[in-house]
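Engineer:
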Ligand SMILES: Cc1cc2nc3c(=O)[nH]c(=O)nc-3n(C[C@H](O)[C@H](O)[C@H](O)COP(=O)(O)OP(=O)(O)OC[C@H]3O[C@@H](n4cnc5c(N)ncnc54)[C@H](O)[C@@H]3O)c2cc1C
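Residue numbers (our numbering): 28 to 311.
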């Protein structure tokens, strides 16, 4: 199948893109890397009247340190994140997660902002942004607004972005020297979407983890934080008994949804497997 006919525009500046978006209304779609959108157009799951190609907009590009935050522009590709020294130093969880996204050819085109805006619960970046306490910087007709990752992912493929808004960048607090992290996903083959995955960070002092953030993905309608498990572990000496309690809490608190090939029971089991491995690795 081929996409339905559409108009195509390529603005050079953010303000121009916002005006075009406002003019066209809900009938317009932004296109960044096109790695998700083109498939939905070709399958006619989406039939916009106009595509607004944002890939020439300088304001959406680049990775930089701004104050105590790492700023990642919406147009930064998965490959740029994977290869960035700034990311490796200041948000090492992202470097560890990047190779799990599809294959290099897709990572060369797919973007950080496209993945966050699409809000796929099986995707790596939404889970990582939640774990790292990211802030989304969004521009719309009335200017800039900032939304924490916790409030950004609302439901299945649904974020708090309005149709006339553009995700410009994300800010992530710089990793401290005490930060430990764990990223892993269980997938049938490398490059496939995960059956279940975990993006975790904590501050480590001796055998104690604090400021724990454990986000599971590909298990529910959005990435989900295991807050009961986090609270259990936080500030206590990590041992086998505490790990077993945290595993039980995480399995119990997350409302798991089955997908086309994996049962809710299998995913619930994997949540425990991932958390046990993650806690042991972070404690080591
Ligand atoms: C074979 C294959 C395997 C894949 N496997 C994985 C995987 O394992 N993990 C994973 O996470 N992803 C995977 N993907 C998806 C890939 O990561 C996409 O790159 C990503 O989901 C979307 O980024 P994009 O830049 O291509 O967005 P696009 O396809 O251009 O856009 C996606 C959506 O986001 C909107 N959008 C884009 N940018 C913005 C913005 N700045 N502001 C507001 N809205 C915006 C668009 O309007 C559209 O609705 C896979 C894709 C393919 C084709």
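We put the beta carbon where it would ideally sit given N, CA and C, even for glycine.
Report yes if the CB atom of residue 291 is closer than 8 Å to the CB atom of residue 300, and no otherwise.
Structural biologist: The answer is no: Cβ separation not under 8 Å.
Engineer: Who pairs with residue 207 in a beta bridge, going by DSSP?
Structural biologist: Answer is 229.
Engineer: Going by DSSP in three states, residue 126 sits in which element: helix, strand or coil?
Structural biologist: Helix at residue 126.
Engineer: When every heavy atom of ligand 1 is checked, does at least one fall within less than 7 Å of the C-beta of residue 194?
Structural biologist: Under cutoff, so the answer is yes.
Engineer: Report the rounded CA-to-CA distance for residue 265 versus residue 120, giving the unit in angstroms.
Structural biologist: About 21 Å.
Engineer: Which of helix, strand or coil does DSSP assign to residue 309?
Structural biologist: Residue state, collapsed to three classes: helix.
Engineer: Using only alpha-carbon positions, find the residue among 166, 139, 164, 39 that is nearest to residue 153.
Structural biologist: Measuring from the Cα of residue 153, the nearest candidate turns out to be 139.
Engineer: Would you be able to state if there are at least three C-beta pairs under 8 Å between the stretch 180 to 190 and the stretch 84 to 101?
Structural biologist: No: the two stretches stay apart, fewer than three of their Cβ pairs being nearer than 8 Å.
Engineer: Indicate the three-state DSSP secondary structure (helix, strand or coil) for residue 91 in the structure shown.
Structural biologist: The answer is strand: DSSP assigns residue 91 an E or B state.
Engineer: By Cβ distance, which residues of its chain are closer than 7 Å to residue 144, with the 5 residues on each side in sequence left out?
Structural biologist: Closer than 7 Å at Cβ, skipping near neighbours: 186, 188, 194.
Engineer: Identify whether residue 37 lies in helix, strand or coil by the three-state DSSP scheme.
Structural biologist: Coil.
Engineer: Look up residue 165 in the DSSP assignment and give the residues it is bridged to.
Structural biologist: Paired residue(s): 172, 194.
Engineer: Going by DSSP in three states, residue 264 sits in which element: helix, strand or coil?
Structural biologist: DSSP places residue 264 in strand when its eight states are reduced to three.
Engineer: Closest to residue 256 by CA distance: which of 49, 238, 245, 100 is it?
Structural biologist: When each option's Cα is compared against that of residue 256, the closest is 238.
Engineer: Would you check if the distance between the CB atom of residue 134 and the CB atom of residue 125 is smaller than 8 Å?
Structural biologist: In this structure, residue 125 lies closer than 8 Å to residue 134 by Cβ.
Engineer: With distances taken from CA atoms, which of 251, 164, 31 is nearest residue 147?
Structural biologist: Of the listed residues, the one whose Cα sits closest to residue 147 is 251.
Engineer: Specify the secondary structure class of residue 119 as computed by DSSP and reduced to three states.
Structural biologist: In the structure shown, residue 119 sits in a helix (DSSP, three-state: H, G or I).
Engineer: Mind checking whether the beta-carbon of residue 145 lies closer than 7 Å to any heavy atom of ligand 1?
Structural biologist: Result yes, Cβ under 7 Å from ligand 1.
Engineer: Taking C-alpha atoms, which residue in 216, 37, 278 lies nearest to residue 242?
Structural biologist: Comparing Cα-Cα distances from residue 242 to each of 216, 37, 278, the minimum goes to 278.
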